[in-house]
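According to our numbering, the sequence shown is numbered sequentially starting from 16.
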Amino acid sequence: MPLLLLAALTLRAPNRTRGAWLALIPPLVLPPLLLWLLEQGGLAAFFGFLSDSVAIFLFAVAMLWLLADKLGGPSRMTAAGYALLVVLAASVIGMFGVSSLSLGFILIPTGIVCGIMAGVFLVGMTFAGIACRKRYTSTRYLVWLFCILVFAIGCVLAFFSGLMTVISLLLMEGGLDVSYLFYSFAIPLATGLAVGLAVFLLVLPFIALALWSPTFRPRFHAIFRLPGMRFGQEDAHNDESNGAEES
């Protein structure tokens with residue numbers, strides 16, 4: 016059902032271009048690839064739900080990209096709110112899709128992992144846009160997005176986890192165990208870096224479409240409206256013919 020919905024969205028008038036169907040490739044290719052890698056590593060029995068989480072997440076991002084032409088009119092904050100609603104709605108549809116309309120315990124970790132990835136992604140895109148508020152280039156945005164998704168989120172996770180550990184040690188033990196304190200920072204930092212890197216790699220195809228595709232780039236520019244972007248409404252056919260000339 017989710018993939019059929021994406022296929023239907025490509026039939027919308029704004030998506031009747033040569034590049035719109037590219038948004039379907041990540042949700043079609045990456046989840047089966049991840050499941051195959053888990054099977055090869057003997058981890059499918061324990062972490063097979065990860066492929067479902069990735070499938071739902073990529074479906075939600077693809078749906079967001081195919082509806083992004085609806086987000087260009089409001090303010091950036093309003094557009095961010097609409098984007099969140101689209102991702103939430105798509106995630107719910109995706110959950111029913113992977114579960115075949117049935118409820119089970121496995122949906123809990125699937126939903127948690129998908130929610131973390133979606134939240135990290137939306138926060139990363141928003142803050143990357145803020146970082147480029149004075150000067151935008153596609154490379155600058157991509158670098159900022161990488162830094163925010165990987166390093167910033169890893170450091171924030173480590174800081175709050177370590178802070179909670181310090182508070183609990185002071186309240187319960189009356190002192191600090193240095194070795195335990197080190198691991199309370201190091202393990203969340205490594206986890207945050209791994210999660211951020213995984214999310215970045217998963218969304219990299221979508222980011223490439225937003226930055227360089229003649230179909231999706233005008234939508235991306237219209238939403239963020241950063242200095243150096245073109246935010247005018249462009250005809251889709253003109254986008255296809257002129258997009259290759261823009262940097």
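Where a beta carbon is used, it is the ideal one built from N, C-alpha and C, also for glycine.
Query raised in the report: What residues in its chain sit with their C-beta under 8 Å from that of Leu226, if we drop five residues either side in the sequence?
Result: Ser153, Tyr156, Leu157, Arg232, Phe235
Query raised in the report: For Trp80, which residues of its own chain have a beta-carbon under 7 Å away from its beta-carbon, when the five flanking residues on both sides are left out?
Result: Ala38, Phe221, Leu224, Phe231
Query raised in the report: Whose C-alpha, out of Ala105, Gln55, Ala173, is nearest the C-alpha of Pro17?
Result: Ala105
Requested in this report: Find out if the Cβ-Cβ distance for the pair Arg84, Pro29 is shorter than 7 Å.
Outcome: Before going on, a small fix: residue 84 reads as Asp here, not Arg. In contact: Asp84 and Pro29 (Cβ atoms closer than 7 Å).
Query raised in the report: If we count the other Cβ atoms within 10 Å of its Cβ and call it buried at 16 or more, is Phe215 buried or exposed?
Result: buried
**Report entry** Straight-line Cα distance separating Met187 from Val181
**Finding:** 10 Å
**Report entry** Nearest residue (CA-CA) to Gly139, options Phe111, Gly130, Ile168, Gly112
**Finding:** Ile168
**Report entry** Exposed unless 16 or more other CB atoms sit within 10 angstroms - verdict on Lys78
**Finding:** Here residue 78 turns out to be Met, not Lys, going by the sequence shown. Result: buried.
Report task. Give the C-beta separation of Leu73 and Leu217 to the nearest angstrom, bearing in mind that I take them to be a contact with Cβ-Cβ under 8 Å. Result -> 7 Å
Report task. Measure from the alpha carbon of Met244 to the alpha carbon of each residue in Leu21, Ser176, Gly144, then state which is nearest. Result -> Gly144
Query - Inter-residue CB distance, Ile108 and Leu20 (contact presumed, cutoff 8 Å) - result: 7 Å
Query raised in the report: Given that a residue counts as buried once 16 or more other Cβ atoms are within 10 Å of its Cβ, and exposed if not, what is Ser199?
Result: buried
Query raised in the report: Is it the case that the Cβ atoms of Leu208 and Val171 are separated by a distance below 7 Å?
Result: no
Query raised in the report: By how many angstroms is the C-alpha of Phe239 removed from the C-alpha of Trp159?
Result: 15 Å
Query raised in the report: Going by other Cβ atoms of all chains shown within 10 Å of its Cβ, with 16 needed for buried, is Phe197 buried or exposed?
Result: exposed
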